[in-house]
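Count the sequence shown with the working numbering and you get residues 4 to 161, in order.
Every residue, glycine too, gets a C-beta built ideally from N, C-alpha and C.
Small disclaimer: the values here were computed from a predicted structure and weren't measured.
Input: a single structure, listed below in structure tokens.
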Amino acid sequence: MQPHVTQALQDWYAAWTVHERAAQAAFTAAFPALDQSDTRCQCYGPTLRWDRADEGSGKVCLDDHGRATAEFEGVPKEVVGKAMTAVFGADWFDEGAGGFAEAEPGTYHYEDESTYAEFEIAVRADGTATVEMAYLKVDDIVTILDELETAFAEYRSA
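As structure tokens, this is what we get:
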């Protein structure tokens, strides 16, 4: 490879590393429970994980296209409901006028055709929900993470 091409590629890798670190900083600013993980997920990038007793667990990562993926399990459905209603409003996923806090057990999907983001929220009979979000822009997932953190704070204080 020609030296100027090698240098340009090295510059790109350095810029990408800065981009990844900035995204991780934004994720953890919005949702402080996230910690760096030694294992990577299907994103092929650095993975942040969290696990809180009685609140759930999950991970957030950034893929090699600069899109974020998050998977949360065992989250109280009222927390998911409050966060998703704050971001999307109620019934965006056909979960009903009361949002996910009042949704019946089942799996709800939404695909954003303008951003290619995909969402799946499974409401469980035990009052928890599993949230899977893929291909989100960094600013969109940070908004959702921030609303989840706010909803968790209200849930803890209740």
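- Look at Leu12 here: in three-state DSSP terms it is helix.
- About 6 Å separates the CB atoms of Val83 and Val134; that is less than 8 Å, so the two are in contact.
- If you look at Arg52, you'll find it in the beta strand (DSSP E) that goes 50 to 55.
- When DSSP states are grouped into helix, strand and coil, Gly77 belongs to the strand group.
- With a beta-carbon spacing of about 14 Å, Gly101 and Ala89 fall beyond the 8 Å limit used to define contacts.
- Straight through space, the alpha carbons of Ala25 and Ala18 are spaced by roughly 11 Å.
- Of all alpha-carbon atoms in Gly109, Lys140, Ala132, the one lying nearest the alpha-carbon of Thr118 is that of Lys140.
- Taken in chain order, the complete beta strand (DSSP E) segments of 3 residues or longer contained in the stretch 95 to 149 are 109 to 114, 121 to 126, 131 to 139.
- The C-alpha of Ala56 is placed about 22 Å away from the C-alpha of Cys64.
- Closest option to Gly59, judged by alpha-carbon separation, among His22, Ala36, Gln13: Ala36.
- Between the C-alpha atoms of Leu151 and Ile124 there is a straight-line separation of about 14 Å.
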